[in-house]
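*Asks:* One structure, pasted below without further comment.
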């Protein structure tokens, strides 16, 4: 099970949008195999760059409002938020080096 | 150093691992970081794998295969191969994390990768309405109108599965009849939400942030019209995944790895190939599993015939990771 904090439709404002940190939201679901595959990779990136980026998870089954608001049509979808705005979207499970390259601007 | 490394973790790779492990070859399986278990991880009900009369979920079948391989001592690494050196007596495999593994033989079972349409905006709209995985993304098309491209079993399976969510599913096929098996065809044809569009190709994808429609062209008279769909699921087959061995292993005119007769032997001694990567024709979970068996037995036979000095290196050189 992932170490990442679970966020919900109700907590999204406080946990993500109002946060001063750079936050990556992993939109996922139980039935999504690629989501399970990428989850430990996101955990590893979060723990290796704990001072740079925080990873949280949003279960799209339980939290349809945020999944709809952010126009999710494919998971895993990883959206990086800064100051309440989406500044990066990465879609699909990718190997760690590829994800690190996608997120390079936030991890440096 | 090891006796055998297996690259790939679909039915071919895991079955090779089961046989190699039971032959006490302590195989190392490079399973991929995000695609471990292979294509069946993206399917739902598997109804044609023998031994499961009620059917079995694809991911569950693959987890069982993995557990069976591990039970006999196979070691599984969740990483990706970035390069292979297959030419010498010792085969060397470099992984994404930088680790290098060596073995006296190698079984290559990397399967195939989904084919793309090759049209403009396909890449840009991927994940924004264009998808290759109904089981992953179908959920987001509740009460929507969507299209599936393709005429084979996987297109029928995707279309049928997607009717759980969508109000309407077009199946777009460039030919005038389906290639899918009878049972899959009949199931799709009986589904009221599915409408077939034959002799049509998808030429355009419309939409800025999300897909809003597609342009389909009639192959007979060349006329184009727009279908208002919010999703496009592409199921037009797959190509063998051979990029890691280009220039090292001989390929067939189909693009699959060339093997000697009914064996798994490639053009390089000690290198064996199995599963969809050698099979342009059948590409079933159970044929891949059978092919994995062949590769493990061929590798075992090859190792048994190697000179003693080489085999002694297996114990003399500790495994690197």
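Residue numbers (my numbering), protein chains in the order written: chain C, 1 to 108; chain P, 1001 to 1321.
Note that the Cβ used here is the ideal one computed from N, Cα and C, for glycine as well.
Using the rule of at least 16 other Cβ atoms within 10 Å of the residue's Cβ for burial, across every protein chain shown, is residue 1304 of chain P buried or exposed?
*Replies:* Flag for residue 1304 of chain P reads exposed.
*Asks:* Could you name each continuous alpha helix (DSSP H) segment of 4 residues or more that falls completely within the segment 1168-1256 of chain P, going from the start of the chain to the end?
*Replies:* Taking only runs of at least 4 residues, the alpha helix (DSSP H) segments lying wholly in the segment 1168-1256 of chain P are 1182-1189.
*Asks:* Pop quiz: residue 1039 of chain P and residue 1111 of chain P are said to be a contact at Cβ under 8 Å. What is the actual Cβ separation, rounded to whole angstroms?
*Replies:* With 8 Å as the limit, residue 1039 of chain P and residue 1111 of chain P qualify as a contact, their Cβ atoms being about 6 Å apart.
*Asks:* Quick one, which of P/1168, P/1210, P/1197 and P/1164 has its alpha-carbon nearest residue 1178 of chain P's?
*Replies:* Residue P/1197 is the option with its Cα nearest to residue 1178 of chain P.
*Asks:* In the DSSP assignment, the alpha helix (DSSP H) including residue 1001 of chain P goes from what residue to what residue?
*Replies:* Unbroken run through residue 1001 of chain P: none, as it is neither H nor E.
*Asks:* Could you name each continuous beta strand (DSSP E) segment of 3 residues or more that falls completely within the segment 26-53 of chain C, going from the start of the chain to the end?
*Replies:* Taking only runs of at least 3 residues, no beta strand (DSSP E) segment lies wholly in the segment 26-53 of chain C.
*Asks:* Hey, could you find the ends of the alpha helix (DSSP H) residue 1153 of chain P is sitting in?
*Replies:* Counting along the chain, the alpha helix (DSSP H) containing residue 1153 of chain P begins and ends at 1153-1162.
*Asks:* Does the segment 1065-1085 of chain P come close enough to the segment 1261-1268 of chain P that 3 or more CB-CB pairs lie under 8 Å?
*Replies:* Result no; under three Cβ-Cβ pairs closer than 8 Å.
*Asks:* In chain C, which residues lie with their C-beta within 8 Å of the C-beta of residue 1210 of chain P?
*Replies:* Going along chain C in sequence order, the residues near residue 1210 of chain P (Cβ under 8 Å) are 71 and 73.
*Asks:* Examine chain P for any beta-carbon lying closer than 9 Å to the beta-carbon of residue 94 of chain C, and answer yes or no.
*Replies:* Cβ-Cβ to chain P under 9 Å: yes for residue 94 of chain C.
*Asks:* Sorted by chain position, which residues of the same chain lie with C-beta nearer than 6 Å to residue 87 of chain C's C-beta, five sequence neighbours on each side aside?
*Replies:* Only 80 meet the Cβ criterion.
*Asks:* So, is residue 1312 of chain P buried or exposed, given that buried needs 16 or more other C-beta atoms within 10 angstroms?
*Replies:* With fewer than 16 other Cβ atoms within 10 Å, it is exposed.
*Asks:* Between the beta-carbon of residue 1029 of chain P and the beta-carbon of residue 1128 of chain P, is there less than 9 Å?
*Replies:* It is not a contact, given that the beta carbons lie outside the stated cut-off.
*Asks:* Can you tell me whether residue 1175 of chain P is buried or exposed, with buried defined as 16 or more other CB within 10 angstroms of its CB?
*Replies:* Classification of residue 1175 of chain P: exposed, given that the 10 Å Cβ count is below 16.
*Asks:* Give the range of the beta strand (DSSP E) segment to which residue 1114 of chain P is assigned.
*Replies:* It spans 1112-1114 - the beta strand (DSSP E) in which residue 1114 of chain P sits, taken as one unbroken run.
*Asks:* Taking the CB atoms as reference points, tell me whether residue 1277 of chain P and residue 1141 of chain P lie closer together than 9 Å.
*Replies:* For residue 1277 of chain P and residue 1141 of chain P, no; Cβs fall outside 9 Å.
*Asks:* Smallest Cα separation from residue 4 of chain C: which of C/32, C/45 and C/18?
*Replies:* Looking at the Cα atoms, C/45 is the closest of the given residues.
*Asks:* Under DSSP, the alpha helix (DSSP H) around residue 1312 of chain P begins and ends at which residues?
*Replies:* 1308-1316 is the extent of the alpha helix (DSSP H) around residue 1312 of chain P.
*Asks:* Could you name the residues of chain C that residue 1036 of chain P contacts, counting a contact when the two beta carbons are closer than 8 Å?
*Replies:* 37, listed in chain order.
*Asks:* Helix, strand or coil for residue 1060 of chain P? Go by DSSP, reduced to three states.
*Replies:* Helix.
*Asks:* Apart from the five residues on each side of it in sequence, which residues of its chain come closer than 6 Å, Cβ to Cβ, to residue 1224 of chain P?
*Replies:* Closer than 6 Å at the Cβ level, and outside the excluded window around residue 1224 of chain P, lie 1215 and 1217.
*Asks:* What does DSSP give as the partner residue(s) for residue 82 of chain C in the beta ladder?
*Replies:* BP columns for residue 82 of chain C point to C/85.
*Asks:* Exposed or buried, what is residue 85 of chain C when buried is set at 16 or more other beta-carbons lying within 10 Å of its beta-carbon?
*Replies:* Result: exposed.
*Asks:* Mind checking residue 17 of chain C: buried by the 16 CB within 10 Å criterion, or exposed?
*Replies:* By the neighbour-count rule (16 or more Cβ atoms within 10 Å), residue 17 of chain C is not buried but exposed.
*Asks:* Any beta-carbon of chain C closer than 9 Å to the one on residue 1321 of chain P?
*Replies:* Unreliable placement is indicated for residue 1321 of chain P, whose pLDDT of 48 sits below 50; no coordinate value is reported for it.
*Asks:* Can you name the start and end residues of the beta strand (DSSP E) that residue 61 of chain C belongs to?
*Replies:* Run containing residue 61 of chain C: none; DSSP gives neither H nor E here.
*Asks:* At a Cβ threshold of 9 Å, is residue 102 of chain C touching chain A?
*Replies:* Among the protein chains in the structure shown, which are C and P, there is no chain A.
*Asks:* Quick check on DSSP: helix, strand or coil for residue 1085 of chain P?
*Replies:* In the structure shown, residue 1085 of chain P sits in a strand (DSSP, three-state: E or B).
*Asks:* Compute the Euclidean distance between the alpha carbons of residue 1183 of chain P and residue 1159 of chain P, then round it to the nearest angstrom.
*Replies:* Residue 1183 of chain P and residue 1159 of chain P: Cα-Cα distance of roughly 14 Å.
*Asks:* Whose C-beta lies closer than 7 Å to the C-beta of residue 1125 of chain P among residues of the same chain, with five residues either side of it excluded?
*Replies:* So the list reads 1205, 1207 and 1211, once near-sequence residues are dropped.
*Asks:* To which residues of the same chain is residue 1046 of chain P closer than 8 Å at the C-beta, ignoring the five residues directly before and after it?
*Replies:* 1040, 1052, 1055, 1056, 1057, 1058, 1061 and 1285.
*Asks:* Mind listing the chain P neighbours of residue 83 of chain C? Cutoff is C-beta to C-beta under 8 Å, in chain order.
*Replies:* Under the 8 Å cutoff, chain P gives no residues; its nearest Cβ is about 21 Å from residue 83 of chain C.
*Asks:* Name the residue from P/1078, P/1020, P/1165 and P/1118 whose alpha carbon lies nearest to the alpha carbon of residue 1149 of chain P.
*Replies:* It is P/1118 whose Cα lies nearest to the Cα of residue 1149 of chain P.
*Asks:* Mind checking who residue 1301 of chain P pairs with in its DSSP beta bridge?
*Replies:* Partner(s): none; residue 1301 of chain P has no beta bridge.
*Asks:* Look up residue 1144 of chain P in the DSSP assignment and say whether it is helix, strand or coil.
*Replies:* Reduced to three states, the DSSP call for residue 1144 of chain P is coil.
*Asks:* Just to make sure I have the definition right: I need the residues of chain C whose C-beta is within less than 7 Å of the C-beta of residue 1041 of chain P. Which are they?
*Replies:* Under the 7 Å cutoff, chain C gives 33.
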